[in-house]
Amino acid sequence: EEFLVFKKILWNLIDKGFIRAKALALILFVKKLGSSVRIYINYRGINNITFKSHYLLPFIKKTLNAIYYIKVFIKFNIIIAFNRIRIK
15 EEFLVFKKIL WNLIDKGFIR AKALALILFV KKLGSSVRIY INYRGINNIT FKSHYLLPFI
75 KKTLNAIYYI KVFIKFNIII AFNRIRIK
């Protein structure tokens, strides 16, 4: 059952171009409260071999002042977008 779920999700992500066949990461399956299965991708192995970039986080007060007069906010669904981060 887990393998069929994995195969369906994997081919869906490959067809959309979100992942490539040569990437390597540990994949885990966790049962949800119902009967469905959730896929988790463990990127710790890839993180150990990538170049570390250090960027400062913006100050909260400065960010709040910048968005004070904004009237429209956009909500992004980042569940699939997280896998689109390019790793060189």
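Per this note's numbering, residue 15 is the first one in the sequence shown, and the count goes up by one each step. For glycine and all other residues, C-beta sits at the position ideal for the given N, C-alpha and C. Nothing here was measured: the structure is a model prediction, and the numbers come from that model.
1. Measuring only the C-alpha atoms, how far is K66 from I53?
2. Per the DSSP calculation, N9 is bridged to which residue(s)?
3. Per DSSP, which one or two residues make a beta bridge with K45?
4. I need the straight-line Cα distance from I81 to I88, nearest angstrom please.
5. Measure from the alpha carbon of N61 to the alpha carbon of each residue in A39, K45, V86, then state which is nearest.
6. Which residues in the same chain as I55 place their Cβ atom closer than 6 Å to its Cβ, once the five residues preceding and following it in sequence are excluded?
7. Who are the near neighbours of I84 in its chain, counting only those whose CB is closer than 6 Å to its CB and skipping five residues on each side?
8. For the alpha helix (DSSP H) holding K75, just list the boundary residues, first then last.
So, from the data block:
1. 26 Å
2. Absent from the model: residue 9. The displayed extent of the chain is 15 to 102, so no value can be given.
3. V51
4. 12 Å
5. A39
6. A39, I41
7. none
8. 74-80
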